[in-house]
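One structure below.
Numbering (the numbering used here), first residue to last: -9 to 52.
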């Protein structure tokens, strides 16, 4: 995950933190899922609750 974030930062893409993406959960689902996919990559779940759980886990990692 850290390597993916490093790649995004090097490529000039503004990657949001997991906490920032979680704050988007109550808004537009597609925008939320798109931002989550940038953090989670191919492992992004399809359901909102599962995406939130994955982002919460990512947010609590040191």
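From the three backbone atoms N, C-alpha and C, an ideal C-beta is built for every residue, glycine too.
The structure presented is a predicted model; accordingly, all values stated were derived computationally and were not measured.
- In the DSSP assignment, residue 27 falls within the alpha helix (DSSP H) that extends over 19 to 30.
- Apart from the 5 residues on each side of it in sequence, residue 26 sits with its Cβ closer than 8 Å to the Cβ of 11, 34, 41, 44 and 45 in its chain, given in chain order.
- For the options 38, 29 and 47, the alpha carbon positioned closest to that of residue 15 is the one of 38.
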